[in-house]
Amino acid sequence: MTHVEIVFWITAVVAIASAFLCITRRSPVASALWLVSTMFALAVMFLLLDAHFIAAMQVLVYAGAIMVLFLFVIMLLNVGRASSSDMVGWVGRLVMAAIAVVLAAELWVLSRAGPSADVRLGAESVSQLAAEQGAVGMIGESLFRVFLVPFEITSVLLLAAIVGAVVLAKRRL
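Listed below in structure tokens is the structure:
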């Protein structure tokens, strides 16, 4: 096992544990801080893949700006601990368990399937494309040509989150 594989497995465990702690904490601030830990672990994984630009953006945008925004909204709304009336009953827990089983089954099926054509692209091809356009150019071209619809859906989702935060803050004021 190489050093890169050891670092990968350590950061994978850290990312999974941090994500689990993020969704199981009752305090929104603690959840946000565990999410920051998850984002840093993912940035290390991007560094292992030689995607330095994406790793830097992961830290700057997600662990930095987005988390500051989350913490600002949490503090603005003065969200405290969840009361017993907010807790999910047995039906909600059953639904969450079913979703977790479906997602685990999906991950198992995907891990057993062969790599797609995008994954089988040789290292020479990727390095040749990076030399022609640069890594940032490759990201931009794929983002606005291949993944245009998911990019736009993400922008609409972020807009809806901003509008929701403004509406919640407006009710409190």
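In terms of this note's numbering, the sequence shown opens at residue 144 and continues consecutively.
Glycine included, each C-beta is placed from N, C-alpha and C at the ideal position.
Per-residue burial, residue i [other beta carbons within 10 Å of its own, 16 or more giving buried]
i    : result
S161 : buried
L291 : exposed
A367 : Only positions 144 to 316 of the chain appear in this structure, which leaves residue 367 out of reach.
A247 : exposed
A198 : buried
Cutoff 7 Å; reference residue i; Cβ partners in own chain excluding five residues on either side
i    : result
A308 : V216
Q201 : M182, L185, A186, F189
A240 : none
Cβ neighbours of residue i in the same chain (closer than 6 Å, five flanking residues each side left out)
i    : result
S227 : Summary for S227: the model assigns pLDDT 46, below 50, so the residue's position carries little reliability; its value from the coordinates is reported in the next sentence. So the list is empty, once near-sequence residues are dropped.
A312 : L219
Check whether residue i and residue j have beta carbons under 7 Å apart
i    : j    : result
M188 : T154 : yes
L237 : A175 : no
L191 : F163 : no
**Asked** Three or more C-beta pairs closer than 8 Å, one from the region 172-179 and one from the region 205-223: is that the case here?
**Response** yes
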